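Residue numbers (the working numbering): 17 to 309.
All residues carry an ideal CB built from backbone N, CA and C; glycine is no exception.
Nothing here was measured: the structure is a model prediction, and the numbers come from that model.
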């Protein structure tokens with residue numbers, strides 16, 4: 017539990033900015049997080065605790081990857097993958113987060129090493145794109161995001177005794193809307209750390225545009241870049257179509273994925289509804305930008 021609370025404090029502080037509104041958002045985030053943990057534990061027991069440990073561990077890795085240069089991030093992920101590979105046969109206990117995951121998983125009779133390895137492999141693939149410094153097409157971006165969505169939700173389905181194959185089949189039809197929403201939401205921060213996947217749609221081999229992107233420190237400077245607003249709006253429109261049908265599709269297939277409706281509701285509340293709130297903020301930014309352009 018201490019590990020989860022430390023991760024919560026780190027996540028809340030990372031999203032904190034000067035001002036009362038930001039402070040209130042951080043407090044609201046922390047309260048909602050703890051409510052989800054407590055209610056989830058009452059409904060699903062230790063499985064939910066395991067998912068929160070996994071989330072904390074992955075967020076810890078993601079923060080470390082984003083904070084370093086591409087080469088360091090690549091080597092760091094290689095090290096983590098090597099630890100996972102060794103853990104298939106022996107556990108050395110050096111990675112405390114992973115060790116906690118393995119203990120919790122063993123206590124409920126599941127193994128998550130293949131799924132965790134798949135997630136880190138996808139993170140490494142994203143780092144390789146950044147190392148190349150080349151723009152990524154919408155099709156490749158959708159494929160990478162869809163793979164990440166499927167990998168993360170497969171962990172949820174497996175821990176909560178759901179059908180992982182059905183989960184992957186359902187979520188793969190939505191073009192990675194969960195991960196792509198998160199990318200748009202964190203865009204300025206990612207640019208500051210030079211870990212944003214450069215969109216090919218509006219760069220078009222224009223080095224000056226790439227320079228302006230990397231020099232941007234806030235949304236105001238991003239809106240001034242030629243072509244950025246048009247690309248951003250196209251992304252939002254595409255994501256909105258996916259969000260519009262995600263709820264009904266998940267509702268129709270909930271029985272195929274999870275044995276209990278309450279489990280599907282829990283996943284929706286704890287994961288999907290939070291990202292949809294991020295999407296509403298992403299849309300609001302676009303409308304605010306349009307009024308001043």
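Look at the alpha carbon of residue i and the alpha carbon of residue j, and state the distance between them as a whole number of angstroms.
| i | j | result |
| --- | --- | --- |
| residue 298 | residue 198 | 9 Å |
| residue 120 | residue 98 | 21 Å |
| residue 105 | residue 118 | 12 Å |
| residue 108 | residue 234 | 43 Å |
| residue 62 | residue 225 | 49 Å |
| residue 110 | residue 243 | 47 Å |
| residue 51 | residue 114 | 24 Å |
| residue 4 | residue 162 | Residue 4 is absent from the structure shown; the chain starts at 17 and stops at 309. |
| residue 95 | residue 303 | 43 Å |
| residue 253 | residue 112 | 42 Å |
| residue 257 | residue 77 | 31 Å |
| residue 231 | residue 239 | 13 Å |
| residue 64 | residue 156 | 32 Å |
| residue 170 | residue 195 | 14 Å |
| residue 227 | residue 83 | 20 Å |
| residue 289 | residue 92 | 31 Å |
| residue 201 | residue 60 | 30 Å |
| residue 277 | residue 56 | 13 Å |
Any heavy atom of the ligand SAM closer than 7 Å to the beta-carbon of residue i?
| i | result |
| --- | --- |
| residue 157 | By its list of ligands, the structure shown contains no ligand whatsoever, and the ligand SAM lies outside what it can speak to. |
Which whole-angstrom value describes the C-beta separation of residue i and residue j, a residue pair presumed to lie in contact below a C-beta threshold of 8 Å?
| i | j | result |
| --- | --- | --- |
| residue 166 | residue 187 | 5 Å |
| residue 295 | residue 255 | 6 Å |
| residue 245 | residue 182 | In fact, because the Cβ distance is near 39 Å, the residues do not count as touching under 8 Å. |
| residue 229 | residue 213 | Rounded, the Cβ-Cβ distance is 11 Å, inconsistent with contact. |
| residue 158 | residue 217 | Not confirmed; about 12 Å, so no contact. |
| residue 215 | residue 124 | Wrong, their Cβ atoms sit about 41 Å apart, outside the cutoff. |
| residue 100 | residue 133 | 5 Å |
Take residue i and list the residues in its own chain whose beta-carbon comes closer than 7 Å to its own, dropping the five residues that flank it on each side.
| i | result |
| --- | --- |
| residue 74 | 135 |
| residue 211 | 82, 146 |
| residue 184 | 166, 170 |
| residue 292 | 259 |
Does DSSP put residue i in a helix, in a strand, or in coil?
| i | result |
| --- | --- |
| residue 152 | strand |
| residue 130 | helix |
| residue 277 | helix |
| residue 107 | coil |
| residue 85 | coil |
| residue 243 | coil |
| residue 61 | coil |
| residue 56 | helix |
| residue 125 | coil |
Please work out which residues of its chain come closer than 6 Å, Cβ to Cβ, to residue i, disregarding the five sequence neighbours upstream and downstream, and give them in chain order.
| i | result |
| --- | --- |
| residue 178 | 273, 274 |
| residue 283 | 172 |
| residue 180 | 170, 173, 174 |
| residue 192 | 158, 161, 162, 165 |
Among the residues of its own chain, which have a CB less than 8 Å from the CB of residue i, if the five just before and after it don't count?
| i | result |
| --- | --- |
| residue 138 | 160, 163, 164, 167 |
| residue 127 | 121 |
| residue 87 | 147 |
**Study point:** Complete alpha helix (DSSP H) runs within the region 173–240 (minimum length 4 residues, chain order)
**Key:** DSSP runs (the alpha helix (DSSP H)) wholly in the region 173–240: 180–187, 193–201, 203–208, 216–219, 223–231, 235–239.
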